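A.B. asks: At position 210 of the sequence shown (counting the first as 1) the number is 647 in our numbering, and the numbers step up by one without a gap. Note that beta-carbon positions come from the ideal geometry of N, C-alpha and C, so glycine has one too. A quick note: this is a predicted structure, and the numbers were derived from the prediction, not measured.
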Amino acid sequence: MKRLELTVLCVCAVLFTLLALTLAHRHGAPFALDRTAHAWSLHHRPGLLRGLARAVTATGTGPVPYLCALAAGFIAGHSQGMRGRLLASAAALGFLVAGQALRHGVLHIIARPRPPVADWAAPASGYAFPSGHTTTSALAAGLLAWALLRTLRSARARAAAVVLTCWAIAVGASRVYLGMHWATDVLGGWLFALTLLALGTVLIHRKENVLYPVAPVA
438 MKRLELTVLC VCAVLFTLLA LTLAHRHGAP FALDRTAHAW SLHHRPGLLR
488 GLARAVTATG TGPVPYLCAL AAGFIAGHSQ GMRGRLLASA AALGFLVAGQ
538 ALRHGVLHII ARPRPPVADW AAPASGYAFP SGHTTTSALA AGLLAWALLR
588 TLRSARARAA AVVLTCWAIA VGASRVYLGM HWATDVLGGW LFALTLLALG
638 TVLIHRKENV LYPVAPVA
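1) Between which residues of its own chain and Ala584 is the CB-CB distance below 6 Å, once the five residues before and five after are set aside?
2) With DSSP collapsed to three states, give me the class of Arg522.
3) Once DSSP output is grouped into helix, strand and coil, what is the label at Gly465?
4) Does the beta-carbon of His480, which I'm using as the reference point, lie nearer than 8 Å to any heavy atom of the ligand GDP?
5) From the DSSP output, in three-state form, read off Val647 for me.
6) Using DSSP with H/G/I as helix, E/B as strand and the rest coil, what is Arg440?
7) Should Leu455 be labelled buried (16 or more other beta-carbon atoms within 10 Å of its own) or exposed?
8) Could you give the DSSP three-state label for Gly609: helix, strand or coil?
9) I need the straight-line Cα distance from Val451 to Thr632, nearest angstrom please.
10) Would you call Met617 buried or exposed, if buried means 16 or more other Cβ atoms sit within 10 Å of its Cβ?
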């Protein structure tokens, strides 16, 4: 598992860096994929789907991600008593906030313009890359899925992790569907979130190995 996490960390970090550098070199100009996805969304927005997409995209910010982070810490700290649960919840919330702060820094460094305002089907503000709703929902979903899989190790935990993954994907897709982001903004958000989640998992395992070293087999 540790090797898998290191692989995910390296691959996602490299891909995100390459994408960010390419966008910086292009001054944020959209790729062919971006234009194709944006054009498709403009011509496939019936009222019902547009309303559903707005409802989904709204969960990518506000209380939902923070509640997911708090729940993740509360679940992960179950073996340490109430004090441990509260500390773990604070740590998970801090991880989410730190991830958002780092994204904000990248946002202003790349300074990528959004698609034309006339194409938006919901309000938005600021630069585009990486997508904030996408990054936040992916971080929150990853935290809660990790806590459930680590603590419960059951079919229900795996099912919940799948649901959380689908939610994060849906939030990202809704940003493109509603016209506020280019597809590569969302891709960047997912890569950025996966990089941070993998890094966090690696650091947790390293800390556990220091605190609870495995005794050598005689």
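C.D. replies: On the basis of the data shown:
1) Ala509, Ile512 and Ala513
2) helix
3) coil
4) As far as ligands go, the structure on display features none, and thus does not contain the ligand GDP.
5) Caution applies to Val647, whose pLDDT of 49 falls short of 50 and renders its modelled position unreliable; the value that the coordinates give is listed next. The answer is helix: DSSP assigns Val647 an H, G or I state.
6) helix
7) exposed
8) helix
9) 9 Å
10) buried
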